[in-house]
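*Asks:* In the UniProt record's numbering, the protein residues as written are 1 to 469.
Positions of the beta carbon are idealized from the N, C-alpha and C atoms, including for glycine.
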């Protein structure tokens, strides 16, 4: 039968636990382990699963479940242990909160039943539901509101649930409520940070005759503002300018600084067209106006038509490379890369990772000349260098920040090699598919923010459609 409700009732954030009872050391240890388990998750779904698992283990129950309630009190989700969650919901649907379970939510008090079948409020088990003999349930409270009902059934040793079991479960539920609130606040903060970060990044303009695509993916662990960015623009002299960069830091200062540097770089590039090294050098000098100049890595490049044969295959100061890129669709009247000429990609690297060039032949190589350059914001007097690489129809450039290739469990060289290998397999894929695949490869968790910019030369030298964008 149900126990006396008055003895077990607790207010929000408090667990009713008879002070005269002292738990044995193993049970206290399990309680502490359970509290740590439910407190270590930052994702709501993860926290919910840990709550049920910790509760089931805490009192050695055969079955455990947590019904999540909507604002109107309807069960909208069910997390289970000991029962196949998907098969159970497919067979009987979500529980409707009638009978015994309804009383847990309605009275906001714990419920302990030694004989479920004989209880006057029992309504029986639906088809496909395992038969359960004993029950222990508690409300899960978040900020004074019932978030759900946590209930366990049938101890493994066959004994009924006792006072200690109830006290343990109430204590765990109290900690779980705080963890759920923290997880919800974390997710709200992370969404707000992502929206702000994405709002500071540009929508790519029409870069005809080139095709372009870009992606930004925030770090997976913390709701922080990052300094990664990409940009692309048409310059007054007809060249196409592409940029990717990363401001040092991941705090509320990094994102505004990123916006300032991006806007300064845009103004400098448009104000006086010139080679990439000149633009980067002018930015370096402009940053000295800050009381504390921000430091950032960046790679700035320009793509332009070259008449009369273009540039040599390996460029001025760099190896050939394979890469994938993107841009807007369009047709150039004289052909994408000029009549009888080619396209040349010139770039200056300020401490950034090299661009990846994906050739139309399926090759993939990094453009990594010996002169790498240091980040901007360190020494404005340092010499900057430009490098050149000829581009042919169907070639793709891929510019990215380090979050795409860095992982805690591997060195960056391995990450770069993996990226080149996978990108080469996607050399002819539409740019949107290329970017999505590289961002989502292996469904990995990103330790850092990722900015990705891809630009492709149409496969036909006169601008007719090559691989789809």
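Alpha carbon to alpha carbon, how far is residue 449 from residue 409? Give it in angstroms, no decimals.
*Replies:* By 1-based counting over the chain shown, the position of residue 409 is 409. By 1-based counting over the chain shown, the position of residue 449 is 449. About 17 Å.
*Asks:* Determine the extent of the alpha helix (DSSP H) in which residue 346 is found, giving its start and end residues.
*Replies:* For this step, residue 346 is matched to residue 346 along the chain shown. Not the alpha helix (DSSP H): residue 346 falls in the beta strand (DSSP E), residues 342 to 350.
*Asks:* Once DSSP output is grouped into helix, strand and coil, what is the label at residue 401?
*Replies:* Sequence index remark: in the chain shown, residue 401 carries index 401 (1-based). Coil.
*Asks:* First and last residue of the beta strand (DSSP E) that includes residue 53?
*Replies:* In the chain shown, residue 53 corresponds to position 53, counting from 1. Taken as a continuous stretch (DSSP letters only), residue 53 belongs to no beta strand (DSSP E), being part of the alpha helix (DSSP H) at 44 to 58.
*Asks:* Tell whether a beta-carbon distance below 7 Å holds between residue 298 and residue 254.
*Replies:* Locating residue 298 in the chain shown gives position 298, where the first residue counts as 1. Locating residue 254 in the chain shown gives position 254, where the first residue counts as 1. Cβ atoms of residue 298 and residue 254: not closer than 7 Å.
*Asks:* Near residue 214, which residues of its chain fall below 6 Å by C-beta distance, leaving aside the five closest residues on each side in sequence?
*Replies:* For this step, residue 214 is matched to residue 214 along the chain shown. Only 204, 230, 453 meet the Cβ criterion.
*Asks:* What's the C-alpha gap between residue 269 and residue 363?
*Replies:* Residue 269 sits at position 269 when you count from the first residue of the chain shown. Residue 363 sits at position 363 when you count from the first residue of the chain shown. Taking the straight line joining both Cα atoms gives about 31 Å.
*Asks:* Considering residue 254, what are the terminal residues of the alpha helix (DSSP H) in which it resides?
*Replies:* Walking along the chain shown from the start, residue 254 turns up at place 254. Residues 254 to 271.
*Asks:* Please go through the same chain and pick out, in chain order, the residues whose beta-carbon is closer than 8 Å to the beta-carbon of residue 149, but skip the five residues on each side of it.
*Replies:* For the purposes of this step, residue 149 is identified with residue 149 of the chain shown, where counting begins at 1. Excluding residues within five positions, the ones whose Cβ falls inside 8 Å are 66, 67, 69, 97, 101, 104, 105, 137, 138, 139, 140.
*Asks:* Are the CB atoms of residue 355 and residue 399 within a distance shorter than 7 Å?
*Replies:* Here residue 399 corresponds to residue number 399 of the chain shown, with the count starting at 1. Here residue 355 corresponds to residue number 355 of the chain shown, with the count starting at 1. Cβ atoms of residue 399 and residue 355: closer than 7 Å.
*Asks:* Is the distance from the Cβ of residue 42 to the Cβ of residue 183 below 7 Å?
*Replies:* Looking up residue 42 in the chain shown gives position 42. Looking up residue 183 in the chain shown gives position 183. The answer is yes: Cβ separation under 7 Å.
*Asks:* Buried or exposed: residue 382, going by 16 or more other Cβ atoms within 10 Å of its Cβ?
*Replies:* Numbered from 1 along the chain shown, position 382 holds the residue referred to as residue 382. It is exposed - the Cβ of residue 382 has fewer than 16 other Cβ atoms within 10 Å.
*Asks:* Skipping 5 residues on each side, what residues in its chain have a beta carbon closer than 7 Å to that of residue 181?
*Replies:* Counting from 1 along the chain shown, the entry for residue 181 is found at position 181. Here the set comprises 142, 143.
*Asks:* Answer yes or no: does any C-beta atom of chain C fall closer than 7 Å to that of residue 143?
*Replies:* Although the question refers to chain C, the structure presented lacks it and comprises just one protein chain.
*Asks:* Output the distance between the C-alpha atoms of residue 119 and residue 404, rounded to the nearest integer angstrom.
*Replies:* In the chain shown, the residue the question calls residue 119 occupies position 119. In the chain shown, the residue the question calls residue 404 occupies position 404. Computed Cα separation, rounded: 58 Å.
*Asks:* Are three or more beta carbon pairs between the region 366 to 384 and the region 284 to 295 nearer than 8 Å?
*Replies:* Yes, they touch.
*Asks:* For residue 291 and residue 246, what's the separation of their Cα atoms in angstroms?
*Replies:* For the purposes of this step, residue 291 is taken as the residue at position 291 of the chain shown. For the purposes of this step, residue 246 is taken as the residue at position 246 of the chain shown. Whole-angstrom Cα-Cα distance: 20 Å.
*Asks:* What are the start and end residues of each continuous alpha helix (DSSP H) run of 4 or more residues lying completely inside the region 275 to 299, in chain order?
*Replies:* Runs of the alpha helix (DSSP H) inside the region 275 to 299: 276 to 287.
*Asks:* Where does residue 332 sit, in a helix, a strand or coil, going by DSSP?
*Replies:* Residue 332 sits at position 332 when you count from the first residue of the chain shown. Unreliable positioning characterises residue 332 in this predicted model, as indicated by a pLDDT of 34, which lies under 50. The coordinate reading is nonetheless provided below. Residue 332: coil per DSSP, three-state reduction.
*Asks:* Measure from the alpha carbon of residue 271 to the alpha carbon of each residue in 46, 236, 304, 260, then state which is nearest.
*Replies:* Here residue 271 refers to the residue found at position 271 of the chain shown. Closest option to residue 271, Cα to Cα, is 236.
*Asks:* Should residue 276 and residue 346 be called a contact, given that it needs their Cβ atoms to be closer than 7 Å?
*Replies:* Position 276 of the chain shown, counted from the start, is the residue given in the question as residue 276. Position 346 of the chain shown, counted from the start, is the residue given in the question as residue 346. For residue 276 and residue 346, yes; Cβs fall inside 7 Å.
*Asks:* Could you give the first and the last residue of the continuous beta strand (DSSP E) run that contains residue 61?
*Replies:* As a working mapping, residue 61 is identified with position 61 in the chain shown. Note, residue 61: beta strand (DSSP E), 61 to 69.
*Asks:* If you draw a straight line from the C-alpha of residue 80 to the C-alpha of residue 134, how long is it?
*Replies:* Translated into the one-based positions of the chain shown, residue 80 becomes position 80. Translated into the one-based positions of the chain shown, residue 134 becomes position 134. C-alpha separation (whole angstroms): 16 Å.
*Asks:* Cutting at 6 Å between CB atoms, please list the residues of its own chain near residue 50, excluding the five before and the five after it.
*Replies:* On the chain shown, residue 50 is found 50 positions in, with the first residue counted as 1. Around residue 50: 37, 38, 41.
*Asks:* Is residue 241 helix, strand or coil when you go by DSSP?
*Replies:* Translated into positions along the chain shown, residue 241 becomes position 241. Strand at residue 241.
*Asks:* Kindly indicate which residue of 146, 160, 257 has the alpha-carbon position closest to the one of residue 72.
*Replies:* Counted from its first residue, the chain shown places residue 72 at position 72. Comparing Cα-Cα distances from residue 72 to each of 146, 160, 257, the minimum goes to 146.
*Asks:* I'd like to check one pair, residue 396 with residue 456: are the Cβ atoms closer than 7 Å?
*Replies:* Indexing the chain shown from 1 puts residue 456 at position 456. Indexing the chain shown from 1 puts residue 396 at position 396. The answer is yes: Cβ separation under 7 Å.
*Asks:* Would DSSP call residue 188 helix, strand or coil?
*Replies:* Here the question's residue 188 lines up with position 188 in the chain shown. Helix, per DSSP.
*Asks:* Within this structure, are the beta carbons of residue 30 and residue 48 separated by less than 7 Å?
*Replies:* Position 30 of the chain shown holds residue 30. Position 48 of the chain shown holds residue 48. Not in contact: residue 30 and residue 48 (Cβ atoms no closer than 7 Å).
*Asks:* On the CB-based measure, 16 or more other CB atoms within 10 Å of its CB, does residue 26 come out buried or exposed?
*Replies:* What you label residue 26 is simply residue 26 of the chain shown in a count that begins at 1. It counts as exposed.
*Asks:* Note the first and the last residue of the continuous alpha helix (DSSP H) segment covering residue 422.
*Replies:* Counting from one through the chain shown, the residue named residue 422 turns up at place 422. First-last of the alpha helix (DSSP H) with residue 422: 412 to 425.
*Asks:* Over the uninterrupted alpha helix (DSSP H) stretch that includes residue 439, give me the two end residues.
*Replies:* Position 439 of the chain shown, counted from the first residue, corresponds to residue 439. Start and end: 431 to 440.
*Asks:* On the DSSP bridge list, what partners appear for residue 134?
*Replies:* Here residue 134 corresponds to residue number 134 of the chain shown, with the count starting at 1. Partner(s): none; residue 134 has no beta bridge.
*Asks:* Between the Cα of residue 416 and those of 431, 157, 365, 239, spot the shortest distance and give me the residue it belongs to.
*Replies:* Within the chain shown, numbered from 1, the residue matching residue 416 stands at position 416. That would be 365, whose Cα lies nearest to the Cα of residue 416.
*Asks:* Let me know the secondary structure DSSP gives residue 209 once reduced to three states.
*Replies:* For the purposes of this step, residue 209 is taken as the residue at position 209 of the chain shown. In the structure shown, residue 209 sits in coil (DSSP, three-state: anything other than H, G, I, E or B).
*Asks:* Using C-beta distances below 7 Å, list every residue in its chain close to residue 439, excluding the 5 sequence neighbours before and after it, in chain order.
*Replies:* The count along the chain shown starts at 1 and reaches residue 439 at position 439. For residue 439, where only same-chain residues beyond five positions count, the Cβ hits under 7 Å are 215, 217, 450, 452.
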